[in-house]
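Structure, as structure tokens:
Numbering (the working numbering), first residue to last: 5 to 369.
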């Protein structure tokens with residue numbers, strides 16, 4: 005049986021499972037992510053479920069003021085945002101895990117098990133579990149994003165305990181926190197030198213100039229990490245219900261381009277340029293037919309800007325996971341991330357940023 009390394013936490017888990025009617029369940033660890041959350045797969049009389057174990061608290065502090073990155077980057081610090089977004093997604097007809105039981109104060113959720121058909125594994129196999137072509141799965145995911153974006157930008161989401169989750173915005177503070185990641189980690193770990201004050205000022209000034217591109221167009225709820233590890237394919241369902249969603253607790257309100265970039269420039273699985281372009285065209289066609297206020301030129305410029313911002317953050321995140329968190333396997337994603345960055349920097353709107361990266365942060369593999 006799986007046991008938490010902290011005896012007190014283990015005792016709390018046992019108490020929660022007993023109170024939920026799952027005290028006799030078999031428990032097995034599930035692969036985690038880059039966070040402090042833990043997951044277990046449960047089985048009771050042939051019924052599966054997933055335990056989310058998430059003690060409240062921020063990430064490690066990373067700035068001089070001792071603010072946690074999770075705070076300045078608007079990352080969820082307990083289970084309540086997950087519950088709020090989960091209820092919202094299921095309420096608009098999308099597939100997210102049913103919450104079977106919850107203890108919000110102690111950070112335990114008992115969730116529906118959506119299965120094992122994670123998009124990452126499907127991409128490796130080259131087809132869905134029933135032979136569905138990859139392009140059909142990609143199109144379904146794009147259609148889901150358009151459906152989500154058509155719902156607008158909910159500012160306040162009920163948690164279910166009488167509280168409300170105030171959905172954060174992708175604001176200037178969040179962007180600056182993300183922009184500091186490559187300066188704080190890629191430079192010293194990979195380039196083996198600190199970023200100079202002038203380099204930092206030039207870098208941030210370039211993004212100040214790009215900010216209007218990233219703010220263009222109506223806001224939408226962005227799931228933030230909409231990519232292969234967090235998407236499941238449910239062949240037995242119909243339509244958009246076939247796309248199962250997990251790991252959306254950090255959702256914010258921002259550009260429609262954000263999740264499209266996360267999906268079509270997947271950090272963990274290579275999306276060939278040809279498929280990216282074809283699916284980008286498909287998104288544009290769907291958006292033109294469905295979304296009010298959609299401007300293709302503005303969207304494509306925002307897509308390139310968010311793709312570059314995301315890529316630069318990730319090339320700093322992988323060394324941070326290596327150096328600070330002892331997780332070296334994430335460095336395997338560096339060549340892919342740099343390849344996506346080069347695609348984004350080719351957009352004319354990012355010409356000044358490209359010149360800066362060519363000089364200070366060359367993207368040679």
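Virtual Cβ for every residue (Gly too), placed ideally from N, Cα, C.
Write down every uninterrupted run of the beta strand (DSSP E) in the stretch 250 to 285 whose length is 3 residues or greater and which is fully enclosed by it, in chain order. Here the runs fully enclosed are 256 to 259.
When you compare only the Cα positions, how much space is there between residue 152 and residue 283? Between the alpha carbons of residue 152 and residue 283 lies a gap of roughly 17 Å.
Report the residue from 131, 165, 90 whose alpha carbon sits nearest the alpha carbon of residue 108. For the residues 131, 165, 90, the minimum Cα distance to residue 108 belongs to 165.
I think residue 268 touches residue 315, with their Cβ atoms under 8 Å apart; what is that distance to the nearest whole Å? That pair is no contact at about 12 Å.
By how many angstroms is the C-alpha of residue 112 removed from the C-alpha of residue 15? About 12 Å.
Given residue 115, which residues of its chain have a CB within under 8 Å of its CB, disregarding the five upstream and five downstream residues? Setting aside the 5 residues that flank it on each side, residue 115 is surrounded in the same chain by 53, 54, 55, 56, 101, 102, 103, 104, each with a C-beta closer than 8 Å to its C-beta; the list follows chain order.
Is DSSP giving residue 146 helix, strand or coil here? Residue 146 sits in a helix when the DSSP states are folded into three classes.
Using a threshold of 8 Å, state whether the C-beta atoms of residue 41 and residue 26 are closer than that. Contact flag unset, no.
Along the alpha helix (DSSP H) that carries residue 2, what are the first and last residues, could you check? Within the shown structure, residues of the chain are numbered from 5 to 369, placing residue 2 beyond reach of any answer.
Can you tell me where the alpha helix (DSSP H) holding residue 202 begins and where it ends? That run of the alpha helix (DSSP H) goes 201 to 219.
Cβ shell of residue 295 (< 8 Å), same chain only, five flanking positions each side left out: Its chain contains 150, 153, 154, 222, 260 as the residues whose beta carbon lies nearer than 8 Å to that of residue 295, once the 5 sequence neighbours on both sides are disregarded; these appear in chain order.
So, for residue 203: in the same chain, excluding its five sequence neighbours on each side, which residues have a beta-carbon less than 6 Å away from its beta-carbon? So the list reads 364, once near-sequence residues are dropped.
Please state whether the Cβ-Cβ distance between residue 46 and residue 60 is less than 8 Å. Taking 8 Å as the Cβ cut-off, residue 46 and residue 60 do not qualify as a contacting pair.
Taking all protein chains shown into account, decide if residue 189 is buried (16 or more other Cβ within 10 angstroms of its Cβ) or exposed. Residue 189 should be labelled buried.
With H, G and I counted as helix, E and B as strand and the rest as coil, what does DSSP make of residue 188? Here DSSP, grouped into helix, strand and coil, assigns residue 188 to helix.
What whole-angstrom Cβ distance do residue 257 and residue 173 have, given they're in contact under 8 Å? The C-beta distance from residue 257 to residue 173 rounds to 5 Å, short enough to fall under 8 Å.
Quick check: what's the CA-CA separation for residue 279 versus residue 243? Spanning the two alpha carbons is a distance of roughly 21 Å.
Within 10 angstroms of the Cβ of residue 66, are there 16 or more other Cβ atoms? Answer buried if so, exposed if not. Because residue 66 sits at a pLDDT of 45, beneath the cut-off of 50, its placement in the model cannot be relied upon, and the point is left open.
Tell me the rounded alpha-carbon separation between residue 252 and residue 89. If I take the Cα positions, the gap works out to 7 Å.
Inter-residue Cα distance where the pair is residue 69 and residue 184: Residue placement at residue 69 is flagged as unreliable, the pLDDT there being 46, under the threshold of 50; the coordinate-derived value follows with that caveat. For residue 69 and residue 184, the distance between alpha carbons rounds to 14 Å.
Taking Cβ positions, are residue 288 and residue 303 nearer each other than 8 Å? Taking 8 Å as the Cβ cut-off, residue 288 and residue 303 qualify as a contacting pair.
At a cut of 8 Å, does the stretch 206 to 222 reach the stretch 83 to 99 through at least three beta carbon pairs? At 8 Å Cβ cutoff, the stretches do not touch.
Could you tell me the distance, in whole angstroms, from the CA atom of residue 12 to the CA atom of residue 24? Whole-angstrom Cα-Cα distance: 19 Å.
Taking just the CA atoms, how far does residue 330 sit from residue 248? Near 30 Å, if we compare the C-alpha coordinates of residue 330 and residue 248.
Locate the alpha helix (DSSP H) running through residue 343, then write down its first and last residues. Boundaries of the alpha helix (DSSP H) around residue 343: 338 to 349.
How is the alpha helix (DSSP H) around residue 361 delimited, first residue to last? The continuous alpha helix (DSSP H) containing residue 361 extends over residues 355 to 364.
Same chain, Cβ closer than 7 Å to residue 147, five either side skipped, listed in chain order: Answer for residue 147: 244, 290, listed in chain order.
Are the CB atoms of residue 123 and residue 235 nearer to each other than 8 Å? If you check the CB distance, residue 123 and residue 235 come in under 8 Å.
Could you give the distance in angstroms between the alpha-carbon of residue 79 and the alpha-carbon of residue 240? If you take the alpha carbons of residue 79 and residue 240, they lie about 33 Å apart.
Using CA atoms only, rank isn't needed, just tell me which of 250, 361, 19, 127 is closest to residue 85. Comparing Cα positions, the closest option is 250.
Under a Cβ-count criterion, where at least 16 other Cβ atoms within 10 Å of its own Cβ denotes burial, should residue 160 be classed as buried or exposed? An exposed status is given to residue 160, since fewer than 16 other beta-carbon atoms sit within 10 Å of its beta-carbon.
Assuming residue 308 contacts residue 353 (C-beta within less than 8 Å), just tell me the rounded distance between them. Between residue 308 and residue 353 the beta-carbon gap is near 6 Å, inside 8 Å, which marks them as a contact.
Under the assumption that residue 357 contacts residue 312 (Cβ atoms under 8 Å), give the Cβ distance between them as a whole number of angstroms. About 6 Å separates the two Cβ atoms, so the contact holds.
Apart from the five residues on each side of it in sequence, which residues of its chain come closer than 6 Å, Cβ to Cβ, to residue 318? Result list for residue 318: 271, 341, in chain order.
Report the option in 224, 323, 33, 21 whose CA atom is closest to the CA atom of residue 192. Considering only 224, 323, 33, 21, the residue with the shortest C-alpha distance to residue 192 is 323.
Please report the straight-line C-alpha distance between residue 405 and residue 167, rounded to a whole angstrom. With the chain covering only 5 through 369, there is no way to say anything about residue 405.
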